[in-house]
């Protein structure tokens, strides 16, 4: 994910790394898509 | 760029003066910052001299620079409509497209609302008191009441505010999500967007659309003396099947960022299954006619028969 795109959300609690990873797993489970989430910019 | 509350107060006085014919507004002390949403600044405003029929205290909700004016218009429209139909909501005193109209680029839309007393339902519910056992019923009854409202007045209010009533429906939200994901340069998530396209609700589902808050959770409900004083933050208001609100609540309650809650996170973590089952039972009792899909039920109360 681009830094510019992430920049809009990085202060948002849902972008906290554990929550972000948990959401990724949830999306995969519910859609059946083997989702590889974009890495969060460090 | 952060702006000094003194400058914001001065801009607010000018904005009120420009919209009302009242004698000059005088603030009773500086604006006080309140805890607010992720993308707004919120202030308590005390008036020494306010426009007539305004209360002595109000809340200024100031959107981030560059926020489209339609967002503040949509929120104000939603608050007006639900308040008129009996949902506790902060009355809208004034709404504008740009608080800093004189030099505003990008613009900062704003809204001035009545001050709703109390604290969040979560903070009140987690105090050691019997309210802990009642808070899910309070929440469920509020949502059930909202879902009983006729959505037509909201569509009409959107139209008269110059907004597109179709923007309230799930189609536009799906479109917006796709555009955001494209713009985010996140190829993997575009597959999710394609999947969402295949899940667009059919006409039979959309026919049972109601007014949905769109971000219904205990931090957006203010409670005073055991009663709801306001349901706040209407930025995601939609007209959609009731399951839309239920699914969002479920997502937030089961998977939300508990880190937000600091030291009380363990209490919530321990009780979230119990609390959601209480919510589920109370919501069903309060809205027996509302159809809830089995997928939504599994999410809200997975161990519930």
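Protein chains in written order, with our numbering: chain D, 50 to 91; chain X, 1372 to 1676. Beta carbons are placed, not taken as given, at the ideal position from N, Cα and C, and that holds for glycine.
- Listed in chain order, the non-local C-beta contacts of residue 1539/X below 6 Å within the same chain comprise 1609, 1610, local neighbours out to five positions each way being set aside.
- Residue 1592/X sits away from residue 1520/X, with the two beta carbons spaced by 8 Å or more.
- Counting only unbroken stretches of 4 or more residues, the alpha helix (DSSP H) elements lying wholly within the stretch 1428 to 1475 of chain X are 1440 to 1455, in sequence order.
- Rounded to the nearest whole angstrom, the C-alpha separation of residue 79/D and residue 1441/X is 33 Å.
- The three-state reading of DSSP puts residue 1516/X in helix, counting H, G and I together.
- Secondary structure note for residue 87/D: it is in no beta strand (DSSP E), with a DSSP letter that is neither H nor E.
- By the 16-neighbour rule on beta-carbons within 10 angstroms, residue 1530/X is exposed.
- The criterion of a C-beta distance shorter than 8 Å is not satisfied by residue 75/D and residue 1559/X.
- Here residue 1653/X carries a helix assignment [DSSP, helix/strand/coil].
- Within the stretch 66 to 81 of chain D, those residues whose Cβ lies closer than 7 Å to any Cβ of chain X are, in chain order, 68, 71, 72, 75, 76, 80.
- In this structure, DSSP gives residue 1398/X an extended state, which the three-state scheme calls strand.
- For the pair of segments examined, the stretch 1653 to 1662 of chain X was found to touch the stretch 1505 to 1522 of chain X: the number of CB pairs separated by less than 8 Å reaches three.
- Secondary structure at residue 1403/X: strand, using DSSP grouped into helix, strand and coil.
- Secondary structure of residue 1667/X (DSSP, three-state): helix.
- Within 9 Å of the CB of residue 1576/X, no CB atom of chain D is found; the nearest one sits about 18 Å away.
- A check of alpha carbon separations from residue 1385/X across 1662/X, 1644/X, 1470/X identifies 1470/X as the nearest.
- Of all residues in the stretch 1499 to 1528 of chain X, none comes within less than 9 Å of chain D when Cβ atoms are compared.
- Residue 1563/X has a beta carbon lying within less than 8 Å of a beta carbon in chain D.
- About 7 Å separates the CB atoms of residue 1534/X and residue 1448/X; that is less than 8 Å, so the two are in contact.
- Residue 1425/X has a beta carbon lying at 8 Å or more from every beta carbon in chain D.
- The residue from 1542/X, 1374/X, 1483/X with its alpha-carbon nearest to that of residue 1468/X is 1483/X.
- Contact check for residue 1396/X against residue 1387/X passes: the beta carbons are separated by less than 8 Å.
- The beta carbon of residue 1613/X lies closer than 6 Å to those of 1518, 1581, 1661 in the same chain, with the five residues before and after it left out.
- Those residues of the stretch 1436 to 1448 of chain X placed with their C-beta closer than 8 Å to a C-beta in chain D do not exist.
- Taking all protein chains in view, the Cβ of residue 1466/X is crowded by 16 or more other Cβ atoms within 10 Å, so the residue is classified as buried.
- In this structure, the straight-line span from the alpha carbon of residue 1416/X to that of residue 1399/X is close to 8 Å.
- With distances taken between CA atoms, residue 1637/X lies nearest to 1497/X out of 1527/X, 1569/X, 1497/X, 1553/X.
- In the displayed model, residue 1497/X falls within coil according to three-state DSSP, outside both helix and strand.
- For residue 1626/X, the closest Cβ of chain D is nearer than 8 Å.
- From the listed residues 1524/X, 1552/X, 1542/X, the smallest Cα separation to residue 1450/X is found for 1524/X.
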